[in-house]
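Numbering (the UniProt record's numbering), first residue to last: 1 to 247.
Beta carbons: idealized from backbone N, C-alpha and C, even for Gly.
If you're wondering where the values come from, they're calculated on a predicted model, not measured in any experiment.
I have placed the structure first, in the form of structure tokens, so that the comments after it can refer back to it.
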Amino acid sequence: MVTRQTEFADAHKLEDYLVRLETKGMPRFNSTLNRADIDERRRDISSYSRFKTQLQIVFLKYTLGYRIEDVAVECQQMLEFFEYHLNHQRSPFDMDFSQYILSVWALSAGFLFNANPSDDLLKKIPFSGRDMLVDRLLHCFNRAHAPTQEVLFPRVYGSLLQALGQYDTEPRNTLISRFLSGYFDGLKHYEAFWSESHLEADPRYYRHFGYWVFELGTLVIDARWDDYEFKGSPIYPKQLVDWKRTQ
């Protein structure tokens, strides 16, 4: 296995974190959710944690160089956990970037890894009808879904969403380059939970899983953009995009 993203991550730390998630985190959440006496509040909390953990496993395995087909299996499981959580959710997601990004990642990873979200899940996606990017990702699965014009987090996604309105390659690539170059500053601005996670030195608190803009890869495929000018970006999932093109 060859680690796909070496600029930010230490492979040994990533592997250790993956082992912790798979051998400690996931069994604990599954055990809790399988209890007959679990109350709805605990089910809400545990199902959310299980979904979020499975999403990180998808990122980790892609970052570490696992076969895309194997990561795709994890991705399908992630969508099923997401649906389970939404079916037992007691209150909607906060209007918070670290909550919002979970919908963005679930949809974009699902699309690129050829997963199959159920119609029921697609109808319940948080931030649907309230944000252009989430709506545009939903449109990849359901052509009848019309995106809103509202952009909830412009410091990260403003330039990328402007690129959707550009039919000329050069100005579109300029906007995409602006999105990529400003990505990390945007994460800091919105206090994203995984921002600068690769800098953690203490292995007990290491929570890094990779930095990937699966959302850009999804738009590249769906809008049939040429990614030649930005395919070298360390956060652009070039191998996954190329694989998706063969499917």
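- Judged by DSSP secondary structure, R178 falls within the alpha helix (DSSP H) whose first and last residues are T169 to S181.
- The Cβ neighbour count for S181, taken over all protein chains shown within 10 Å, is under 16; the residue is labelled exposed.
- If you ignore the 5 residues before and after M95, its C-beta comes within less than 8 Å of the C-beta of L152, all in its own chain and listed in chain order.
- Taking 7 Å as the cut-off, the beta carbon of R207 is found closer than this to the beta carbon of S197.
- Note on S91: under 16 other CB atoms within 10 angstroms of its CB, so exposed under the neighbour-count rule.
- Here L199 is exposed, its C-beta having fewer than 16 other C-beta atoms within 10 Å.
- L14 places its beta carbon 7 Å or farther from that of L55.
- Put simply, the backbone Cα of L18 is about 13 Å away from that of P27.
- Between F51 and F82 the beta-carbon gap is near 5 Å, inside 8 Å, which marks them as a contact.
- Excluding sequence positions up to five before and after V104, its CB lies within less than 7 Å of the CB of L133, V134, L137 and E215, all in the same chain and listed in chain order.
- Taking C-beta atoms as the reference points, V71 and Y62 count as a pair closer than 7 Å.
- Going by DSSP, L199 is part of no alpha helix (DSSP H) at all; its letter is neither H nor E.
- Distance between L112 and L21, taken at the CA atoms: about 23 Å.
- For I45, the enclosing alpha helix (DSSP H) covers residues E40 to L64.
- Closest option to Q89, judged by alpha-carbon separation, among N116, D44 and T53: D44.
- For the set P171, Q166, S108 and T148, the Cα lying nearest the Cα of L240 is the one of S108.
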